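Peer 1:
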Amino acid sequence: MLPSYHGVHHKKSSSGGVLVSDTWDSSTKATCITLSNSNLTSLESNCGVAWNNVYGSTGVSSGINEWEVTIDDWDNASNAYDVMIGVSKLRTQNPLSAVDNGSYCYILENGKKFIYTSSAYGNSDYGAAYGVGDVIKISLNMDNNQLTFYKNGVSQGVAFTVSNGTYYLVASYVKNTNTQITITD
1022 MLPSYHGVHH KKSSSGGVLV SDTWDSSTKA TCITLSNSNL TSLESNCGVA WNNVYGSTGV
1082 SSGINEWEVT IDDWDNASNA YDVMIGVSKL RTQNPLSAVD NGSYCYILEN GKKFIYTSSA
1142 YGNSDYGAAY GVGDVIKISL NMDNNQLTFY KNGVSQGVAF TVSNGTYYLV ASYVKNTNTQ
1202 ITITD
């Protein structure tokens, strides 16, 4: 039997990065989020706490790595941070915060970027809003520490310069948005 790191499948994306073969990690998700489709699809439904996160299983720390996710469903909860997609160093559940320290995200409802690190916290203008049916690519280039998001194949520009470390895919949901996201690559 091969060690788990040998079993990870990677393929080149059209933009030159490696598409990470990932699934949502059932051990690092809010209990109210359900997984289906061989852990490729996550669904927030009737969660009782403000913020609910689900993380990818595969950590990356070098090279150019990319994930693609599709927004399958979302009910607008009128919160400026309804849904955020990005990368995170920590895989924790903090119901008082959308994501935890070491996180960099792209906000669905308004297209802003969100950062939570030991030196910065908050959001700022970035790209286009996205929603149901949109495909979001997260491109993490650890060769130059740049994080870029794509909406339906269109780059929104470099969002962040990230610190070194191991990062995981993250999706963060405000309660009661009935958001469903599928890892598509």
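Per our numbering, the sequence shown starts with residue 1022, numbered consecutively.
The beta-carbon is built from N, C-alpha and C at its ideal position, and this holds for glycine as well.
Here the structure is a predicted model, which is why all the values come from computation and not from measurement.
#1: Mapping DSSP to helix, strand and coil, what is E1065?
#2: Below 7 Å CB to CB, which residues in the same chain sit around S1145 once its five sequence neighbours on both sides are set aside?
#3: Should the segment 1067–1078 be regarded as contacting the segment 1144–1159, the criterion being three or more beta carbon pairs within less than 8 Å?
#4: Once you ignore the five residues that flank T1049 on each side, which residues in its own chain have a CB closer than 6 Å to its CB?
#5: Do you know whose CA, among G1038, V1108, D1096, lies nearest I1136's CA?
#6: Is it buried or exposed, V1104, if we count other Cβ atoms within 10 angstroms and call 16 or more buried?
#7: Starting from the Cα of T1138, find the closest Cα among A1071, L1129, S1124, V1041 and give me that residue.
Peer 2: Reading from the atomic positions:
#1: For the purposes of this step, residue 1065 is taken as the residue at position 44 of the sequence shown. Note: E1065 maps to strand in three-state DSSP.
#2: For this step, residue 1145 is matched to residue 124 along the sequence shown. Cβ neighbours of S1145 beyond the five flanking positions: K1133, K1134.
#3: The segment 1067–1078, when compared against the segment 1144–1159, does not touch it at the 8 Å Cβ threshold.
#4: Against the sequence shown, residue 1049 aligns to sequence position 28. Closer than 6 Å at the Cβ level, and outside the excluded window around T1049, lie Y1076, R1112.
#5: What you label residue 1136 is simply residue 115 of the sequence shown in a count that begins at 1. When the alpha-carbon of I1136 is set against those of G1038, V1108, D1096, the nearest one is in V1108.
#6: On the sequence shown, residue 1104 is found 83 positions in, with the first residue counted as 1. Burial state of V1104 is buried, judged by a 10 Å Cβ sphere holding 16 or more other Cβ atoms.
#7: To locate residue 1138, count along the sequence shown from 1; it is residue 117. Measuring from the Cα of T1138, the nearest candidate turns out to be S1124.
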